[in-house]
């Protein structure tokens, strides 16, 4: 009968006994971390100059081409001797100094359009800043109550349709001064879209967010800053963008009647002096300033809401 050799199982080393060469210890956690730490860092891809140039060209060239086409059509349409409006070349020839030197000062009413825009922006800052604070707080309170929303929403919808200049006689009668009256017109014009959008944003907050706030036992102030403002930020900044546009529109219209050194009064004075080319240059300043204000509020909204607004 053949004898079968049995293979002995591997012996387990006792305590204090040295291990055999076949026994390979498992790598420790510290060693694994050390190997991971020694891995070379992956370099971040650098922005390609050609790609950046293509994006810049895609953003700048289309509006530039459209602008040149519109200027060409304007030049052709009003180049006749009986035309009542000046051509772009005539605007540049007669009022180009207002574009080239916007910050000159030659007297109390003889100054560049840059200073006039800054004077108007100061009033907008007061009126719109007050409207933003009051509008966001009011909208946050109203948006949390269905009863208050049903009661105030029709009133807000009626008041927001009132033109800015319709508030000017009331403000002049109340404040007896053109400066505070213009600021009030800006405030009363800009506050309604801010309130309405903020209230809509608060009502659109998911119930899960409110449940988390209840679990964490957040008080009203913590709920406002940590839950309500981040969640409703897209709605809030949409209202702020509409409000800042209405504020700039209101101050230009109000300054035509209240006077001062603002850009609105400059347009009215130029009309009385039949300087149409100066009015066209002032319109360019007004449009560019309004565009910058809108983009500035949008940029602040994206930075504070991490791209959601």
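In the working numbering, the protein residues as written are 33 to 341.
No residue lacks a Cβ here, since even glycine has one placed at the ideal position from N, Cα and C.
Only a predicted model underlies this, so the values are computations on that prediction, with no experimental measurement involved.
At the level of alpha carbons, what is the spacing between residue i and residue j?
i: residue 231; j: residue 142; result: 45 Å
i: residue 177; j: residue 294; result: 42 Å
i: residue 105; j: residue 271; result: 36 Å
i: residue 216; j: residue 225; result: 16 Å
i: residue 269; j: residue 204; result: 31 Å
i: residue 170; j: residue 88; result: 41 Å
i: residue 95; j: residue 101; result: 10 Å
i: residue 262; j: residue 240; result: 14 Å
i: residue 248; j: residue 83; result: 46 Å
i: residue 99; j: residue 311; result: 19 Å
i: residue 303; j: residue 152; result: 19 Å
i: residue 287; j: residue 300; result: 9 Å
Whose C-beta lies closer than 8 Å to the C-beta of residue i among residues of the same chain, with five residues either side of it excluded?
i: residue 103; result: 120
i: residue 145; result: 130, 134, 295, 298, 313, 314 and 317
i: residue 199; result: 216, 217, 220 and 221
i: residue 66; result: Residue confidence for residue 66 is low, a pLDDT of 47 falling below 50, so the modelled location carries little weight and cannot support an answer.
Which same chain residues, not among the five before or five after residue i, have their C-beta less than 6 Å away from its C-beta?
i: residue 222; result: 160, 163, 275, 278 and 279
i: residue 110; result: 117 and 119
i: residue 64; result: Summary for residue 64: the model assigns pLDDT 48, below 50, so the residue's position carries little reliability, and this model does not support an answer.
i: residue 255; result: 245
i: residue 309; result: 118, 123, 126 and 127
i: residue 149; result: 295, 317 and 321
i: residue 167; result: 223, 226 and 227
i: residue 290; result: 210 and 214
i: residue 158; result: 215
On the premise that residue j lies in contact with residue i, defined as a C-beta separation below 8 Å, what is that separation, rounded to the nearest angstrom?
i: residue 281; j: residue 196; result: 7 Å
i: residue 4; j: residue 292; result: There is no way to answer for residue 4, as the model of the chain reaches only from 33 to 341.
i: residue 175; j: residue 234; result: 3 Å
i: residue 331; j: residue 265; result: The Cβ separation is near 13 Å, so there is no contact.
i: residue 156; j: residue 283; result: 5 Å
Please tell me whether, using a cut-off of 8 Å, the distance from the CB of residue i to the nearest non-hydrogen atom of the ligand NAD is below it.
i: residue 236; result: With respect to small molecules bound, the structure shown includes none, and the ligand NAD cannot be examined in it.
Give every residue of the same chain whose Cβ lies closer than 7 Å to the Cβ of residue i, excluding the five residues on either side of it in the sequence, and list them in chain order.
i: residue 328; result: none
i: residue 180; result: 174
i: residue 191; result: 224
Can you pull the DSSP bridge partners for residue i?
i: residue 101; result: Bridge partners of residue 101: none, in fact.
Check the Cβ-Cβ distances between residue i and every residue of chain B, and say whether any is below 9 Å.
i: residue 281; result: Absent from the structure is chain B; it holds one protein chain and no more.
* To do: Note down, one range per segment and in chain order, each alpha helix (DSSP H) of at least 4 residues found wholly within the stretch 253-297.
  => For the stretch 253-297, whole alpha helix (DSSP H) runs of length 4 or above, ordered along the chain, are 261-290.
* Complete runs of the beta strand (DSSP E) confined to the stretch 137-167 [at least 3 residues] -> none
* **Residue ranges of each alpha helix (DSSP H) within the stretch 165-239, 4 or longer** => 178-191, 200-207 and 210-235
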